[in-house]
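Trainee:
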Amino acid sequence: MAELITVLAAPLYLVLILWELWVDKRRGTGFYRLNDAIASMSLGVISRTHRLVIFALGTFLLTEWLPTADGTFWQDNLWFAWLVAFIGYDLTYYWNHRLNHEINCLWAGHVVHHQSEDYNLTTALRQTSGGVFDWIFAIPLYMTGLPAEIIVASAGLNLIYQFWVHTQHIDRLGWMERFFVTPSHHRVHHAQNPLYWDKNYGGVLILWDKLFNTFQAERDDTPIIYGVSRPLNTMNPLKANLQVWWYLLRDAIYCKSWWDKLRIWFMPTGWRPADMEERLPIVKSNLDAFQKFNPPATFTTKIYTLFQFTAGFVLGFSFIFTFANESNVWVLLVGWLFVTLPLISAGHLLDGGSSHWELLRIALSLAGFALFYQSFPEAQLTNWLFGIYLLLNLPLLSLLFVQPSQQATQ
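When the letters of the sequence shown are read in order and numbered with full-length UniProt numbering, they come out as residues 1 to 410.
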């Protein structure tokens with residue numbers, strides 16, 4: 001249900017993104033870049049479709065194996081159940097979010113949301129595919145006997161609320177700043193300035209941060225620089241999801257101490273074995289001379305990657321609607337890969353990568369489509385969209401190979 005709630009909100013998201021883009025152009029603020037926006041939204045599509053796989057597993061474990069209290073009281077007092085579920089979920093979200101920032105292996109999954117060096121409404125859609133343990137934090141709520149559908153709906157509403165705070169076009173909001181998470185509060189959370197590190201974890205209520213001493217107000221004397229201190233430097237969603245996992249795995253493999261190999265995953269974020277810190281020092285952002293990662297791309301590449309994102313978006317949400325109640329994890333995984341490949345391809349091209357890999361990707365997509373169609377002939381709309389997408393790929397791909405030599409445009 002949480003996935004369907006966020007999917008149903010997708011048209012609203014797109015309208016608000018277009019509105020913010022219009023405001024951005026009108027004011028000349030330059031808060032949007034095509035490559036970064038495509039990268040962020042691609043990560044969102046991959047994450048939402050991927051979550052079907054995780055929710056299929058997590059919901060089964062929570063509803064079938066977890067002991068729960070008698071839910072009669074909640075059924076007789078539904079208004080109170082909604083209130084407790086909404087506030088209770090927001091509290092569990094705070095601690096989930098905070099631990100995602102404080103432990104290496106959890107940060108590896110969450111970092112995706114913070115890698116963008118822009119901050120706009122597309123950043124809200126920039127979600128990880130690695131947060132496989134998030135459902136664990138909902139266990140206390142399920143054990144109270146609260147109806148599962150109310151808990152899941154509260155999670156969806158919490159996520160929708162968080163969308164609008166990802167903007168630089170809304171200033172401080174008076175009395176709301178005292179109780180609720182606002183754009184100003186969340187801008188602080190996305191900063192890589194040391195003053196703002198590890199602050200403002202709340203989803204809806206900022207009260208948790210004030211209660212647990214993690215609140216920091218936005219300051220006019222410290223302009224925010226967005227992103228992470230260890231820059232990503234790619235628009236590829238696959239690399240974005242694997243960046244920190246790779247660093248942790250590399251350190252675990254090559255460090256000398258067996259104790260360090262085991263504990264690195266559960267140490268505070270940023271901790272590394274001393275010998276690896278010396279052998280492979282990590283270069284971090286110089287905020288005094290900060291420049292955004294912005295690889296050049298030709299007009300043809302921009303059009304092609306925009307098409308790939310649009311196709312991935314449409315296919316992804318068609319897939320969610322069609323298979324929202326599917327419990328076969330393997331079926332969901334195959335469909336997710338089919339949606340994901342075009343978006344990874346778009347990121348690869350925006351990085352300046354070779355277009356020759358597109359031939360292999362389209363060949364794999366054709367094989368996947370044949371298998372998918374054979375397995376689910378009843379999914380007519382999804383199959384029809386997949387087929388149209390593959391047919392349109394070939395003429396568009398030819399443009400990448402015959403485009404004239406020209407200076408890349410920003």
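Cβ atoms here follow ideal geometry from the backbone N, Cα and C, with glycine treated the same way.
#1: In terms of alpha-carbon separation, which member of G227, E177, Y142 and L232 lies closest to F215?
#2: Applying the 10 Å Cβ sphere with the 16-neighbour rule, what's the burial state of P11?
#3: Measure the alpha-carbon distance for F163 versus W258 and round it to whole angstroms.
#4: Quick check on the burial criterion: 16 or more other C-beta atoms within 10 angstroms. Buried or exposed for M235?
#5: Taking A10 as part of the alpha helix (DSSP H), name the residues at either end of that continuous run.
#6: Please report the straight-line C-alpha distance between I139 and H189, rounded to a whole angstrom.
#7: Express the C-alpha separation of G145 and K199 in angstroms, rounding to a whole number.
#8: Tell me which same chain residues have a C-beta within less than 8 Å of the C-beta of L248, skipping the five on either side of it?
#9: What is the rounded straight-line gap between the Cα of L173 and the Cα of K210?
#10: Could you tell me if W273 is buried or exposed, where buried requires 16 or more neighbouring beta carbons within 10 angstroms of its beta carbon?
#11: What do you reckon, is the C-beta of A274 under 7 Å from a heavy atom of the ligand FAD?
#12: Three or more C-beta pairs closer than 8 Å, one from the stretch 237-246 and one from the stretch 79-92: is that the case here?
#13: Please state if the CB of S40 and the CB of S116 are separated by a distance shorter than 8 Å.
#14: Are the stretch 226-233 and the stretch 110-125 touching, with three or more C-beta to C-beta distances below 8 Å?
#15: Residues in the same chain with beta-carbon distance under 6 Å from A2, minus the five sequence neighbours each way, listed in chain order, please.
#16: Can you tell me the Cα-Cα spacing of A124 and H166, whole angstroms?
#17: Using the Cα positions of L287 and R126, report the straight-line distance between them to the nearest angstrom.
#18: What is the rounded straight-line gap between the Cα of Q406 and the Cα of P296?
#19: Give every residue of the same chain whose Cβ lies closer than 7 Å to the Cβ of I17, excluding the five residues on either side of it in the sequence, and list them in chain order.
#20: Leaving aside the five residues before and after E102 along the sequence, list all residues of the same chain whose C-beta is less than 8 Å from its C-beta, in chain order.
#21: Measuring only the C-alpha atoms, how far is N294 from F338?
#22: Hey, V204 and N158: beta-carbon distance below 8 Å or not?
#23: Excluding sequence positions up to five away, which residues of its chain have a Cβ less than 7 Å from the Cβ of A191?
#24: Is it right to say S184 is buried, meaning 16 or more other beta carbons lie within 10 angstroms of its own, or is it exposed?
#25: Kindly indicate which three-state DSSP category A191 falls into: helix, strand or coil?
#26: So what's L146 in DSSP terms, helix, strand or just coil?
#27: Between the C-alpha atoms of F386 and W336, what's the straight-line distance to the nearest angstrom?
#28: Between H356 and F31, what straight-line distance do the alpha-carbon atoms span, to the nearest angstrom?
#29: Report the residue from P147, Y142, A370 and F307 whose alpha carbon sits nearest the alpha carbon of N77.
#30: In whole angstroms, give me the CA-to-CA distance for P395 and Q308.
#31: Just curious, the alpha helix (DSSP H) that P237 is in, first and last residue?
#32: So, at 8 Å on beta carbons, what are the nonlocal neighbours of A311 in its own chain, with the 5 sequence-adjacent residues on each side left out?
Mentor: In this structure, then:
#1: E177
#2: exposed
#3: Take the alpha-carbon of F163 and the one of W258: they are about 43 Å apart.
#4: buried
#5: A10 to R27
#6: 26 Å
#7: 32 Å
#8: N104, C105, A108, I264 and W265
#9: 17 Å
#10: Per the sequence shown, the amino acid found at residue 273 is Pro instead of Trp. With 16 or more other Cβ atoms within 10 Å, it is buried.
#11: The ligand FAD is not part of this structure, which contains no ligands at all.
#12: Flag = no, the stretch 237-246 and the stretch 79-92 do not touch.
#13: yes
#14: yes
#15: Low confidence applies here, because A2 scores a pLDDT of 49, under 50, leaving its location unreliable and the question unanswered by this model.
#16: 6 Å
#17: Answer to the nearest angstrom: the Cα atoms are 23 Å apart.
#18: Bear in mind that the predicted position of Q406 carries a pLDDT of just 46, short of 50, making it unreliable; the figure below should be weighed with that in mind. Taking the straight line joining both Cα atoms gives about 12 Å.
#19: L121 and T122
#20: D198, P268 and T269
#21: 28 Å
#22: yes
#23: I224, I225 and Y226
#24: buried
#25: strand
#26: coil
#27: 13 Å
#28: 32 Å
#29: P147
#30: 13 Å
#31: P237 to Y254
#32: P342, Y389 and L392
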